[in-house]
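Numbering (this note's numbering), first residue to last: 219 to 369. Here's the structure we're looking at; comments come further down.
Okay, here's the thing in structure tokens:
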């Protein structure tokens, strides 16, 4: 179990080892699980792996990447090239905003292991990263539509 925790593949249960039990190994086991899970968090393993689409950090990273791709390279605009396609930017914003709402609220999704693995600090950090990308994209989209209006 400790090895699975180090790999970020299990979520420690808040009701794991109870204090005051007659079995002294339960406390050590719980401590080993917590240490393993902290290591997984630090190393971005398992539930914390940004390269896995099924993890919340992976979903956040994918939404940020989609926003960046929808906007295209900034230099293109500076050189008088084509502006991003508004429908693509809007779709990317809608998807990112939906995930931001999940990060900002409690609900049935919080019972899934990939969500239970996140601490309040993890969730706040992911929410802030996604929010910064959303706000930046909105600003860029506004700037592009303003430039397009000037023709």
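Where is the CB? At the ideal position from N, CA and C, for every residue including glycine.
| query | result |
| --- | --- |
| Whole-angstrom distance between residue 260 and residue 227, CA atom to CA atom | 14 Å |
| Neighbourhood of residue 223 by C-beta distance below 6 Å, restricted to the same chain and skipping five residues each side | 251, 254 and 255 |
| Contacting residues, own chain, Cβ-Cβ under 8 Å from residue 351 (five flanking each side not counted) | 281, 282, 285, 286 and 314 |
| Under 8 Å between C-beta atoms of residue 225 and residue 258 | yes |
| Through-space distance from residue 245 to residue 323, alpha-carbon basis | 32 Å |
| Residue 346 classed as buried or exposed, judged by whether at least 16 other C-beta atoms fall within 10 angstroms | exposed |
| Reduced DSSP category for residue 268 - H, G, I as helix; E, B as strand; rest coil | coil |
| Under 8 Å between C-beta atoms of residue 341 and residue 307 | no |
| Own chain partners of residue 353 with C-beta closer than 8 Å, once the 5 adjacent residues on each side are dropped | none |
| Residue interval of the alpha helix (DSSP H) (run including residue 276) | 274-289 |
| Three-state class that DSSP yields for residue 304 in the structure shown | helix |
| Of the residues 304, 273 and 274, the one placed nearest residue 288, counting alpha carbons only | 304 |
| Per-residue burial, residue 265 [other beta carbons within 10 Å of its own, 16 or more giving buried] | buried |
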